[in-house]
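This report refers to the structure that appears directly beneath it.
Residue numbers (our numbering), protein chains in the order written: chain A, 1227 to 1336; chain B, 7 to 119.
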């Protein structure tokens, strides 16, 4: 089955710096990968996704990179702000269900 | 997009009892899912709620413990049966509207004592 996991459980970043959150996956069958942000007491919120036939996608202040050779996914957040403080999950999906990875908590240092 | 309302938002229940969680969506959606998120953990998919037929359960989850209903395209319920403290968790309803994005409710925080 699908298995998606993360390298680091926590990440501390200086405000204004760029953040890079990494994720490894074991099953190549996912059609796409997604990054979610979860703030305390809330459900996960969609950030950005990438199709499995792409290697890079950019959004507003965020970039997702996909390296299928090493089965690695990353989320880059530019100019990290206090509002970026949250837990970030990578997930893999197909036509039906979405399976989540373990999560990384992002701490923003003043 | 889709707006999801879950009820209750939280509850404290006695062991051995059952709790039914409701999920209401503001539009008709094809796919609805139920996830569990244990404290400090990621989301684990419990089942896919199928409209008009039995839910599709993931490995480790069974219908007797987590019966699910989905009478129409905007509503679903998840029941946590015969609860034990190990069932203390956040339960989340999720929907997909046809593309890759999934929307989540705020979750139901369940504490079993």
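Even for Gly, the Cβ is constructed at its ideal location relative to N, Cα and C.
Next item on the list: Helix, strand or coil for residue 17 of chain B, going by three-state DSSP, please let me know.
Entry: The three-state secondary structure of residue 17 of chain B, taken from DSSP, is strand.
Notebook entry, point to check: What are the residues of the segment 32–51 of chain B that lie near chain A, defined by any Cβ-Cβ distance shorter than 9 angstroms?
Noted result: Those residues of the segment 32–51 of chain B placed with their C-beta closer than 9 angstroms to a C-beta in chain A are 37, 39, 41, 43, 46, 47, 48, 49, 50 and 51, ordered along the chain.
Exercise. With 7 angstroms as the limit, tell me which residues of the segment 1266–1287 of chain A have their beta carbon closer than that to any beta carbon of chain B; keep them in chain order.
Key: Correct list: 1268, 1269, 1270, 1272 and 1275.
Within the 8 angstroms Cβ cut-off, does residue 8 of chain B reach chain A?
The Cβ of residue 8 of chain B sits no closer than 8 angstroms to any Cβ of chain A.
I need the straight-line Cα distance from residue 1301 of chain A to residue 22 of chain B, nearest angstrom please.
Using only the alpha carbons, I get a separation of about 43 angstroms.
Looking at the secondary structure, which residues open and close the beta strand (DSSP E) in which residue 1290 of chain A lies? Counting along the chain, the beta strand (DSSP E) containing residue 1290 of chain A begins and ends at 1288–1293.
- Query: At a CB-CB cut-off below 7 angstroms, which residues of chain B make contact with residue 1324 of chain A?
  - Reply: The contacting residues are 108.
Item to check | chain D contacts from the segment 1299–1331 of chain A (Cβ-Cβ distance under 7 angstroms) | outcome: The question asks about chain D, but that chain is absent: this structure's protein chains are A and B.
(request) Check distances from the C-beta atoms of the segment 52–72 of chain B to those of chain A and list, in chain order, the residues that come in under 7 angstroms. (result) For the segment 52–72 of chain B, which is checked against every Cβ of chain A, the residues closer than 7 angstroms are 54.
Length-filtered (3 minimum) beta strand (DSSP E) runs lying within the segment 1232–1276 of chain A:
DSSP runs (the beta strand (DSSP E)) wholly in the segment 1232–1276 of chain A: 1236–1240, 1245–1251 and 1258–1264.
* Would you check if the distance between the CB atom of residue 43 of chain B and the CB atom of residue 7 of chain B is smaller than 8 angstroms? => For the pair residue 43 of chain B and residue 7 of chain B, the CB atoms are not nearer than the 8 angstroms cut-off.
Exercise for review: Please confirm whether residue 39 of chain B and residue 1323 of chain A have their CB atoms less than 8 angstroms apart.
Suggested key: In this structure, residue 1323 of chain A lies closer than 8 angstroms to residue 39 of chain B by Cβ.
Let's see if you can read the secondary structure: which residues bound the beta strand (DSSP E) around residue 30 of chain B? Where residue 30 of chain B is concerned, the enclosing beta strand (DSSP E) stretches over 25–31.
Exercise. Considering only residues of the same chain and omitting the five flanking positions on each side of residue 1288 of chain A, which have a CB-CB separation below 7 angstroms?
Worked result: The beta carbon of residue 1288 of chain A is closer than 7 angstroms to those of 1273, 1274, 1301, 1302 and 1303 in its chain, skipping five residues each way along the sequence.
Rounded to whole angstroms, what's the CA-CA distance from residue 1319 of chain A to residue 17 of chain B? Just pull it up for me.
About 31 angstroms.
Using 8 angstroms for Cβ pairs, my map puts residue 97 of chain B next to residue 114 of chain B. What's the rounded Cβ distance? So it is a contact: roughly 5 angstroms between Cβ atoms.
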